[in-house]
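Numbering (my numbering) for the sequence shown: 442 to 847. Glycine included, each C-beta is placed from N, C-alpha and C at the ideal position. Contents: one structure, followed by commentary.
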Amino acid sequence: MTTDELIGFIAAFCAALSFGSYGVPMKGEAATRVDVDPLVFQSYKAFAVLLISSILIYCNNILADEVNNQIIDNANYYWTFHKWSFSDFTPWAFLSAILWVPGGTAGVYAVRRAGLAISVGIWSCVIVIISFIWGVLIFGEKQKSGALGAVKAVSVLCIGLCGIAYFSSSEPESEKKVDSRLKKVIDETTPLSSSGGDDTTSEGEDQVSLDLESFPHCGQPPHSHQTLHFHLPPLISKRTIHVPKYHLGLFFAFLNGLLAATIMIPLHYAPPHSTQGIGYSMSFGIAAMIVVLFAWLLRWMVCALQCRSVVKGYQSLPSFHFKDMLRPGMLAGLLYSIGNLSGIVSIQKLGNFMGYSLNQSSMIVSGLWGIFYYKEIPGFKNILGFISSSVIVFVGILLMGRDHQA
Numbered sequence: 442m443t444t445d446e447l448i449g450f451i452a453a454f455c456a457a458l459s460f461g462s463y464g465v466p467m468k469g470e471a472a473t474r475v476d477v478d479p480l481v482f483q484s485y486k487a488f489a490v491l492l493i494s495s496i497l498i499y500c501n502n503i504l505a506d507e508v509n510n511q512i513i514d515n516a517n518y519y520w521t522f523h524k525w526s527f528s529d530f531t532p533w534a535f536l537s538a539i540l541w542v543p544g545g546t547a548g549v550y551a552v553r554r555a556g557l558a559i560s561v562g563i564w565s566c567v568i569v570i571i572s573f574i575w576g577v578l579i580f581g582e583k584q585k586s587g588a589l590g591a592v593k594a595v596s597v598l599c600i601g602l603c604g605i606a607y608f609s610s611s612e613p614e615s616e617k618k619v620d621s622r623l624k625k626v627i628d629e630t631t632p633l634s635s636s637g638g639d640d641t642t643s644e645g646e647d648q649v650s651l652d653l654e655s656f657p658h659c660g661q662p663p664h665s666h667q668t669l670h671f672h673l674p675p676l677i678s679k680r681t682i683h684v685p686k687y688h689l690g691l692f693f694a695f696l697n698g699l700l701a702a703t704i705m706i707p708l709h710y711a712p713p714h715s716t717q718g719i720g721y722s723m724s725f726g727i728a729a730m731i732v733v734l735f736a737w738l739l740r741w742m743v744c745a746l747q748c749r750s751v752v753k754g755y756q757s758l759p760s761f762h763f764k765d766m767l768r769p770g771m772l773a774g775l776l777y778s779i780g781n782l783s784g785i786v787s788i789q790k791l792g793n794f795m796g797y798s799l800n801q802s803s804m805i806v807s808g809l810w811g812i813f814y815y816k817e818i819p820g821f822k823n824i825l826g827f828i829s830s831s832v833i834v835f836v837g838i839l840l841m842g843r844d845h846q847a
């Protein structure tokens, strides 16, 4: 194993640990109490990414001024610092941000409505498969046993990931007979709904909603039993589509994986000087914040059209809940930033397929959070199945490591 590969594996481990933990604040007590809007939480994440990247760039530039003119010789390796400036900003970061903002927003919704363990498990499976397509089939990253060996490794990995997702979402027989209060469907009105219904709910219904959203350590199933009712436009159909939030959360987890697997692809096309050190992370932070602002502007325009008033459209936007959500939002952004930086290093050292796929062992970390913190996986059988599936995941990771050609 070369030094670059060792660095890549260490970075992948850090990325997995961070990516597996950054979703924990999304369904914490504060987020549940205020029922935080997904775009609001994503905005906190984007701001944290920009802030942390700026601090790291500042420190990097200070070191660059002091060290760049000196050659530090250590075992024939030369270590230099690249001083970042706005001329190093790459427009390719906008492509990453355009994929990350809606994907991350969908991920927040998935964690809130379907559960942390199963959501991360689903998008990890999707990311592994899409990364395989990008890395092996498109970028031509080599495997010692060819494409067939890569397919075998991915197959084993996906079997383990699917097992973890399954046992993360299963309920033991003793808990399937839940109180009838938990089976009550709470009607909600969406922006696609017609304007004729009563959107208010009683205080009791609100409390049931909190219980169904897995208030921390409540011991209830991790998914939402609420149902959304989409009223189609009269010109299309008079039918009403009923979609359980749990199923919609699973779909958004899939969508997040689809978009997240492509976030780092622009690294292959960005100019080399813009990806040195933590330079691409800074470009990504700036681009992400700009995309978030455009997302809010677009949402304001949609609300204004629905309310037929710019002022009422602004008033209908969700609250940021600064007092309650600043700390968990920034914490999630900090963990994501660490994972993002580590993920960039692992991809540069190991390649897109190997690096980004190894990062997805983060779903093991999220599963452990689900078992020991949120109690999302009740029952000895489910916990045993989760651990067994984790072993299968590690087997798939080892197969990929052995088959990877430097």
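If you look at Ile568, you'll find it in the alpha helix (DSSP H) that goes Leu557 to Phe573.
With respect to Ser783, Ala452 sits close: the two C-beta atoms are nearer than 8 Å. With fewer than 16 other Cβ atoms inside 10 Å of its own Cβ, Thr681 counts as exposed. Using a 10 angstroms sphere on the CB of Met442, the tally of other CB atoms stays under 16, which defines it as exposed. Across the structure, Gly774 and Thr703 are spaced so that their CA atoms are roughly 20 Å apart. Around the beta carbon of Pro769, 16 or more other beta carbons sit within 10 angstroms, so the residue counts as buried. Counting only runs of 3 or more residues that sit fully inside the region 758-782, no beta strand (DSSP E) segment turns up.
Under the three-state reduction of DSSP output, Pro543 falls in the helix class. Residues Ser760, His762, Asp765 and Met766 of the same chain have their beta carbon placed closer than 8 Å to that of Val475, with the five preceding and five following residues left out of the count.
The alpha carbon of Gly576 has as its nearest neighbour, out of Cys566, Ile788 and Leu746, the alpha carbon of Ile788. Look at the beta carbons and you see the region 453-460 touching the region 795-806: at least three pairs across the two are nearer than 8 Å.
Straight-line measurement puts the Cα of Tyr550 at about 32 Å from the Cα of Ala591. Nearest Cα to Ile838 within the set Glu507, Val597 and Lys524: Val597.
In this structure Gly808 touches Phe827 by the C-beta definition: roughly 6 Å separates them, less than 8 Å. Its Cα nearest to that of Pro707, the residue Leu536 stands out among Trp737, Val477, Leu536 and Ile503.
By the 16-neighbour rule on beta-carbons within 10 angstroms, Leu746 is exposed.
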